[in-house]
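Chemist:
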Amino acid sequence: MTFTNAESVFCIGVGGIGVSAVARLGLWNGKTVAGSDTTESSITQALENEGVAVKIGEQTKAGIPSECDLVVYSSAIPEDNPQRVEAKERGITQLSYPEVLGELSRARKTYAIAGAHGKSTTTAMLGVIAKNAGKDPLVIVGTLVPEFAIIPSPRGGEGEGGVLNEKENTAPQPPPTLGGGASPRNLWAGESDILIVESCEFSGHFNYLDVDGLIVTNIDADHLDHFGSQDAIDAAFKEFAEKCNGPIIAYGDNQGNRRVLKDIAGVVWYSKDDDPGLELSVPGEYNVLNALAALKMAEEIGVDKEVAVESLRNFKGTWRRFEHVGSYSPRHSDSPLAEKNLGERSFVDTQSPQDDDSIPVISDYAHHPKEIEVTIQAAKEKYPESQILVIFQPHQRHRTKMLLEGFVASLSKADKLIVSEIYDVEGRELGEAVSSKDITSQIEGAVFTKDLEETELKVKELVTDNDVLLFMGAGDIDSVARKLA
């Protein structure tokens with residue numbers, strides 16, 4: 023059984039950014055889709071609004087419907103998960119998220135975006151360009167994109183089983199609080215033979231893909247808990263690049279790219295000196311580099327340059343990539359500052375910096391020292407008259423220990439700093455004796471918080487009216503940002 027042929031699909035870990043895209047694609051293609059997740063989130067709420075039957079809580083054997091052709095599971099779901107065990111006992115085919123991407127890639131002309139940093143934004147940029155150019159691509163990306171928002175048809179209405187209505191919503195989109203209506207999405211379900219997909223090196227996931235074009239944004243020391251060394255990371259990227267059946271676009275000023283790709287023929291290099299005067303609404307030099315990569319690959323796909331440049335100029339940003347989630351205002355009776363309801367929000371802050379007494383709240387997925395450094399720099403460029411109060415949550419203990427020196431160096435660039443305790447990743451912790459205190463103890467004035475509740479209180483205590491709140495991390499720190507905004 024394949025994903026393409028299945029009529030009834032059950033997704034384990036359906037709230038994940040990858041598996042949720044597969045669930046949406048299944049709906050779009052007229053499949054019956056259900057799923058489970060241990061925790062409710064804005065993504066699971068959105069999926070329910072769109073027609074996925076989502077079960078939140080304990081993932082029991084009984085959760086899999088009696089009629090089920092295929093189980094799709096997040097790579098974070100172990101083999102002994104009760105629902106995977108049930109699927110095995112019932113003889114139901116199981117495919118991991120990377121395996122589904124591999125199947126989709128073999129049926130299409132596939133353009134993949136890989137790299138330690140920047141791949142989500144670059145994928146979104148290229149997908150928006152191709153969509154606007156009329157290429158009608160299938161796009162699967164590890165973030166939520168306003169330009170991919172559509173309006174779900176009502177349950178039980180025309181759109182059988184909640185299948186999505188193709189009406190595009192071009193109005194500015196709110197962040198994914200997702201109480202109904204159109205919302206940013208991680209899928210554009212185009213029907214041409216083009217697939218644009220974000221690819222991840224973790225556990226060799228990108229090797230499932232059959233690619234006809236490849237962007238490599240950078241190669242860096244990440245996922246060391248899996249790879250163990252930079253040499254192993256390099257080998258994985260080289261193997262993937264050598265499989266590419268078409269052009270490889272790579273950032274030439276990245277030492278890792280040069281080291282790994284130097285002997286591969288036909289690589290098209292780009293650098294910050296190639297900037298054709300791009301005007302972007304998203305801040306940061308790193309986003310200029312992301313845009314340049316997307317521009318180069320768009321040319322390979324056959325997109326008119328004017329269309330590509332205009333698409334990048336109007337690009338609205340993505341979820342948790344320097345996302346302006348709202349503002350925190352100094353008018354509250356029980357704290358120095360207060361929440362302010364701005365109504366409709368967008369991913370990009372279009373207000374003039376500090377044009378009133380509100381405090382911008384930014385949320386970013388950055389969880390690697392280099393990502394942190396460039397994100398802080400982008401904040402300082404965006405808000406040059408402000409103090410940047412960074413609130414960071416490290417991700418995984420082994421990873422934190424391996425990258426500790428880099429975290430200290432990058433976080434030292436914050437004007438003020440709060441570091442919450444490390445976010446533990448189930449199934450990937452190795453009992454490492456490391457804490458966020460090991461970071462804050464090496465940075466003058468840095469504050470350690472033991473949990474998110476204390477983090478919220480400390481933000482309210484430390485913030486002043488000339489600050490920008492910059493939340494960073496791949497765990498659940500984003501929830502504090504949205505609560506304060």
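Using this note's numbering, the first residue of the sequence shown is number 23, and each one after it goes up by one.
The C-beta atom is built at its ideal place from N, Cα and C for all residues, glycine as well.
On a predicted model such as this, the values are computed, not experimentally measured, just so you know.
Determine whether the beta carbon atoms of Leu209 and Trp341 lie at a separation below 9 Å.
Modeler: Taking the sequence shown and counting its residues from 1, the one referred to as residue 209 is at position 187. Taking the sequence shown and counting its residues from 1, the one referred to as residue 341 is at position 319. Against a cut-off of 9 Å, the Cβ pair of Trp341 and Leu209 comes out as no contact.
Chemist: Under 9 Å between the Cβ atoms of Leu334 and Met147?
Modeler: Along the sequence shown, read from residue 1 onward, the residue named residue 334 stands at position 312. Along the sequence shown, read from residue 1 onward, the residue named residue 147 stands at position 125. Taking 9 Å as the Cβ cut-off, Leu334 and Met147 qualify as a contacting pair.
Chemist: Mind checking Val107: buried by the 16 CB within 10 Å criterion, or exposed?
Modeler: Position 85 of the sequence shown, counted from the start, is the residue given in the question as residue 107. Exposed is the call here.
Chemist: At what residues does the beta strand (DSSP E) containing Gly348 begin and finish?
Modeler: The residue labelled residue 348 in the question sits at position 326 within the sequence shown. 345-351 is the span of the beta strand (DSSP E), which, as asked, contains Gly348.
Chemist: When burial is assigned at 16 or more other CB atoms within 10 Å of the CB, is Asn240 buried or exposed?
Modeler: As a working note, residue 240 is residue 218 in the sequence shown. Buried.
Chemist: Between the Cα of Val161 and the Cα atoms of Ile39, Gly212, Cys266, which residue gives the shortest distance?
Modeler: As a working note, residue 161 is residue 139 in the sequence shown. If we check each option's Cα against that of Val161, Gly212 comes out closest.
Chemist: According to DSSP, which residues form a beta bridge with Glu220?
Modeler: As a working mapping, residue 220 is identified with position 198 in the sequence shown. Ile135, per the DSSP bridge assignment.
Chemist: Can you give the Cα-Cα distance for Asp446 and Arg419, rounded to whole angstroms?
Modeler: Mapped onto the sequence shown, residue 446 falls at position 424. Mapped onto the sequence shown, residue 419 falls at position 397. One Cα belongs to Asp446, the other to Arg419, and the distance between them is close to 7 Å.
Chemist: Beta carbon of Val41, beta carbon of Ser96: below 9 Å?
Modeler: Here residue 41 is taken as the residue at index 19 of the sequence shown, counted from 1. Here residue 96 is taken as the residue at index 74 of the sequence shown, counted from 1. Cβ distance < 9 Å, so Val41 and Ser96 count as in contact.
Chemist: Pro206: buried (16+ other C-beta within 10 angstroms of its C-beta) or exposed?
Modeler: By one-based count along the sequence shown, residue 206 stands at place 184. Flag for Pro206 reads buried.
Chemist: What do you get for Lys157, buried or exposed, if any count of 16 or more other CB atoms within 10 angstroms of its CB means buried?
Modeler: Here residue 157 is taken as the residue at index 135 of the sequence shown, counted from 1. Buried, because 16 or more other Cβ atoms sit within 10 Å of the Cβ of Lys157.
Chemist: Alpha carbon to alpha carbon, how far is Leu433 from Val485? Give it in angstroms, no decimals.
Modeler: Position 463 of the sequence shown, counted from the start, is the residue given in the question as residue 485. Position 411 of the sequence shown, counted from the start, is the residue given in the question as residue 433. Between Val485 and Leu433, the alpha-carbon positions lie close to 17 Å from each other.
Chemist: Excluding the five sequence neighbours on either side, which residues of its own chain have a C-beta within less than 6 Å of the C-beta of Leu117, listed in chain order?
Modeler: For this step, residue 117 is matched to residue 95 along the sequence shown. Correct list, in chain order: Val94.
Chemist: Compute the Euclidean distance between the alpha carbons of Met424 and Ser225, then round it to the nearest angstrom.
Modeler: Numbered from its first residue, the sequence shown carries residue 424 at position 402. Numbered from its first residue, the sequence shown carries residue 225 at position 203. Using only the alpha carbons, I get a separation of about 18 Å.
Chemist: Pick out whichever of Gly235, Met23, Thr477 has its Cα sitting closest to the Cα of Lys131.
Modeler: Locating residue 131 in the sequence shown gives position 109, counting from the first residue. Taking only the C-alpha atoms, the option nearest Lys131 is Gly235.
Chemist: What separation, rounded to the nearest whole angstrom, lies between the Cα atoms of Glu264 and Ala136?
Modeler: To locate residue 264, count along the sequence shown from 1; it is residue 242. To locate residue 136, count along the sequence shown from 1; it is residue 114. Cα-Cα distance, rounded: 13 Å.
Chemist: If we ignore side chains and look at the alpha-carbon of each, how far apart do Val36 and Lys77 end up?
Modeler: Working through the sequence shown from its first residue, we reach residue 36 at position 14. Working through the sequence shown from its first residue, we reach residue 77 at position 55. Rounded to the nearest angstrom, the two C-alpha atoms are 9 Å apart.
Chemist: Classify Ala507 as buried or exposed, calling it buried when 16 or more other Cβ atoms lie within 10 Å of its own Cβ.
Modeler: Walking along the sequence shown from the start, residue 507 turns up at place 485. That one is buried.
Chemist: Going straight from the alpha carbon of Ser88 to that of Arg112, what length do you get?
Modeler: Position 66 of the sequence shown, counted from the first residue, corresponds to residue 88. Position 90 of the sequence shown, counted from the first residue, corresponds to residue 112. Approximately 10 Å between the Cα atoms of the pair.
Chemist: Whose CA, out of Thr143, Ala258, Lys83, lies closest to the CA of Tyr230?
Modeler: Residue 230 sits at position 208 when you count from the first residue of the sequence shown. Comparing alpha carbon positions, the residue from Thr143, Ala258, Lys83 closest to Tyr230 is Ala258.
Chemist: Using the C-alpha atoms, what's the distance from Thr471 back to Val502?
Modeler: Position 480 of the sequence shown, counting from 1, holds the residue named residue 502. Position 449 of the sequence shown, counting from 1, holds the residue named residue 471. Each residue's Cα considered, the two are about 13 Å apart.
Chemist: Tell me which residues share the same chain as Ser547 and place their Cβ nearer than 7 Å to its Cβ, disregarding the 5 neighbours each side in the sequence.
Modeler: Residue coverage of the chain in this structure runs from 23 to 507, which leaves residue 547 outside it and unanswerable.
Chemist: Along the beta strand (DSSP E) that carries Thr471, what are the first and last residues, could you check?
Modeler: Reading the sequence shown from its first residue, position 449 is the one you call residue 471. Per DSSP, Thr471 belongs to the beta strand (DSSP E) from 469-471.
Chemist: Return the residue from the list Glu80, Asp91, Gly52, Ser457 that minimises the CA-CA distance to Gly73.
Modeler: Start at 1 with the first residue of the sequence shown, and residue 73 comes out as number 51. Taking only the C-alpha atoms, the option nearest Gly73 is Gly52.
Chemist: Taking the alpha carbon of Leu492 as the point to measure from, which residue in Ala400, Leu47, Ser214, Val290 has its own alpha carbon closest?
Modeler: In the sequence shown, the residue the question calls residue 492 occupies position 470. If we check each option's Cα against that of Leu492, Ala400 comes out closest.
Chemist: In the DSSP output, which residue or residues are listed as bridge partners for Ile162?
Modeler: In the sequence shown, counting from the first residue as 1, residue 162 sits at position 140. For Ile162, which the question treats as bridged, DSSP gives the partners Leu209, Val219.
Chemist: Among Pro100, Pro104, Ala75, whose alpha-carbon lies nearest the alpha-carbon of Gln81?
Modeler: Here residue 81 is taken as the residue at index 59 of the sequence shown, counted from 1. If we check each option's Cα against that of Gln81, Pro104 comes out closest.
Chemist: Check whether the Cβ atoms of Asn267 and Val233 sit closer than 9 Å, and answer yes or no.
Modeler: Along the sequence shown, one-based indexing puts residue 267 at 245. Along the sequence shown, one-based indexing puts residue 233 at 211. In contact: Asn267 and Val233 (Cβ atoms closer than 9 Å).
Chemist: Give me, in chain order, the residues of the same chain whose beta-carbon lies closer than 6 Å to that of Asn276; leave out the 5 immediate sequence neighbours on both sides.
Modeler: On the sequence shown, residue 276 is found 254 positions in, with the first residue counted as 1. Answer for Asn276: Asn240, listed in chain order.
Chemist: Does DSSP put Asp41 in a helix, in a strand, or in coil?
Modeler: The residue given as residue 41 occupies position 19 in the sequence shown. It should be pointed out that residue 41 corresponds to Val in this sequence rather than to Asp. It is helical.
Chemist: Where do the ends of the alpha helix (DSSP H) carrying Thr66 lie?
Modeler: Residue 66 sits at position 44 when you count from the first residue of the sequence shown. 64-72 is the span of the alpha helix (DSSP H), which, as asked, contains Thr66.
Chemist: How should Ala45 be labelled, buried or exposed, when 16 other C-beta atoms within 10 angstroms of its C-beta is the threshold for buried?
Modeler: Indexing the sequence shown from 1 puts residue 45 at position 23. The residue is buried, with at least 16 neighbouring Cβ atoms inside 10 Å.
Chemist: For the beta strand (DSSP E) containing Met494, list its first residue and its last residue.
Modeler: Locating residue 494 in the sequence shown gives position 472, counting from the first residue. Annotation: the continuous beta strand (DSSP E) that includes Met494 extends over 489-494.
Chemist: Kindly indicate which three-state DSSP category Tyr230 falls into: helix, strand or coil?
Modeler: What you label residue 230 is simply residue 208 of the sequence shown in a count that begins at 1. Three-state DSSP puts Tyr230 in a helix.
Chemist: Measuring only the C-alpha atoms, how far is Lys459 from Lys260?
Modeler: Walking along the sequence shown from the start, residue 459 turns up at place 437. Walking along the sequence shown from the start, residue 260 turns up at place 238. The straight-line gap from Cα to Cα measures roughly 37 Å.
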